[in-house]
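Below is one structure, written out as C-alpha cells, with a few remarks after it.
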Amino acid sequence: MLGPQVWSSARQGLSRGLSRNARGWASGQGRKVDIAGIYPPVTTPFTATAEVDYGKLEENLHKLGTLPFRGFVVQGSTGEFPFLTSSERLEVVSRARQAMPKDKLLLAGSGCESTQATVEMTVSMAQVGADAAMVVTPCFYRGRMSSAALIHHYTKVADLSPIPVVLYSVPANTGLDLPVDAVVTLSQHPNIVGMKDSGGDVTRIGLIVHKTRRQDFQVLAGSAGFLLASYAVGAVGGVCGLANVLGAQVCQLERLCLTGQWEDAQNLQHRLIEPNTSVTRRFGIPGLKKAMDWLGYYGGPCRAPLGELSPSEEEALRADFTSNGWL
0 MLGPQVWSSA RQGLSRGLSR NARGWASGQG RKVDIAGIYP PVTTPFTATA EVDYGKLEEN
60 LHKLGTLPFR GFVVQGSTGE FPFLTSSERL EVVSRARQAM PKDKLLLAGS GCESTQATVE
120 MTVSMAQVGA DAAMVVTPCF YRGRMSSAAL IHHYTKVADL SPIPVVLYSV PANTGLDLPV
180 DAVVTLSQHP NIVGMKDSGG DVTRIGLIVH KTRRQDFQVL AGSAGFLLAS YAVGAVGGVC
240 GLANVLGAQV CQLERLCLTG QWEDAQNLQH RLIEPNTSVT RRFGIPGLKK AMDWLGYYGG
300 PCRAPLGELS PSEEEALRAD FTSNGWL
C-alpha cells in the first residue's frame, strides 16, 4: 500500500498538471519538458570504508557544472544505484540538487522492481529536488515483462509522478529491451517526455524516433560510442558515462552534430569510441572511476561486489585513452 503522505504528494502533483513549468509536466503552451542535450550520469563516490562520500560527490558536481551540459543524471546505472539503500538514494539526489547549478536539469533514476516501490521512490525524489525521473525497466521477472506489463507499469508511474518521466532501456544490465511497440504507446502519455536507449542499436533508435514523430517525445542516446549516429537518425542528446571524464569533448561532438560539421564530428567520434568502450562495456564503472582519478575528478572505489581493476586491466584502460590523445 502507498502511504498517505505518498498519495497526498502524488495528488498534489497531479492537480498542478499541465500548469507546471520546466520543472513539471509541460510549459504554458502545453508542450512537454525539453530534455535535449548532454548529461553525464554521475558516479556515486565512496570512502575507503564503503560509505557514500557526499563531499566528493559535491566536488565532482562543482567541476562538471562548469561544462555546457543540459543537466545531470543521478542514480543511473553508473551511480551504482542497486547497491544503495533507499535513504542513500534520496540523500544523493538531495545533495546533487544543492551542488548543481540551478539552471541545469536533474534527472533522477527512480526505478525499482515493483510498480508500487517505483511510484514511492519517484514521488520522494521529486520532493528532494529531482526535475524528472528516469525509470529503468523492471527485470527480475523478465520472462513476464511483456509489452502489456511494461505499459501498465510505466503508465501507473507516470500517472502518479509529480515530475516528468523518462523511459530507460539498458539491456546490457537488465537483459531486457523496452519493446518498440511499448515505447510508441507510452510516448502518448502526457507525463512521459522521452527515453534513454542504451542498447546501441541505431536502427532501433531511428525507428523509435520515426514511430513517435507525431508525439512530443525525445530520444537520448545512452552512450558516447554511438552519439553521432544517434544524432543522425533523430536523437536529441545523450546520457554518456564518458562525459564524466571527457565532458568537454562529448559536448563538442554535440555541437558539431547540431551545426552539421559532420566530417569533424566523425573524426572526434572515432577518437571517443575506444575510451568509451573501456569505461562502459569493457571495464565498466571501475574503469570509469579509474579514468576519473586520472583526469581531475574523484573516482575512488566502487561498492562491493564491484572490485578494482587488475594491473593488466588498468594498463589496457590507459592505453585506450593514451592512443587517442586523451592522456
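Using numbering that gives the first Met the number 0, the first residue of the sequence shown is number 0, and each one after it goes up by one. Cβ coordinates follow ideal geometry from the N, Cα and C atoms, glycine included. None of the values given here were measured: they were computed from a predicted structure.
{"query": "Euclidean distance between Cα positions of Val125 and Asn243", "result": "As written in the sequence, residue 125 is Ala, which differs from the Val given in the question. Using only the alpha carbons, I get a separation of about 24 Å."}
{"query": "Runs of alpha helix (DSSP H) wholly within the segment 37-96 (minimum 4 residues, chain order)", "result": "53-63"}
{"query": "Inter-residue Cα distance where the pair is Ser93 and Gly283", "result": "26 Å"}
{"query": "C-alpha distance - Arg88 paired with Gln74, whole-angstrom precision", "result": "7 Å"}
{"query": "Sub-8 Å separation of Ile69 and Gly36 beta-carbons", "result": "Going by the sequence as given, residue 69 is Arg instead of Ile. Going by C-beta atoms, Arg69 is nearer than 8 Å to Gly36."}
{"query": "C-alpha distance - Thr136 paired with Pro81, whole-angstrom precision", "result": "13 Å"}
{"query": "Those runs of the alpha helix (DSSP H) which lie wholly inside the segment 146-226 and span at least 4 residues", "result": "146-159, 170-173, 179-185, 201-210"}
{"query": "Collapsed DSSP secondary structure at Val244 in the structure displayed", "result": "coil"}
{"query": "Sequence-distant residues of its chain with Cβ nearer than 8 Å to Gly64 (five each side left out)", "result": "Ala98, Met99, Pro100, Lys103"}
{"query": "From Glu79, Gln115, Leu60, Ser168, residue whose alpha carbon lies closest to that of Ala49", "result": "Glu79"}
{"query": "Ala402 versus Leu308: straight-line alpha-carbon distance, rounded", "result": "Outside the shown range of the chain, which is 0 to 326, sits residue 402, and nothing can be said about it."}
{"query": "Rounded Cβ spacing between Val232 and Gly205 (contact assumed at less than 8 Å)", "result": "3 Å"}
{"query": "N- and C-terminal bounds of the beta strand (DSSP E) containing Ala106", "result": "A quick correction: the sequence has Leu, not Ala, at residue 106. Looking at the DSSP string, the run of the beta strand (DSSP E) that includes Leu106 is 104-108."}
{"query": "Own chain residues within Cβ distance below 6 Å of Ala223, not counting five before or after", "result": "Cys239, Leu241, Val249, Leu271, Asn275"}
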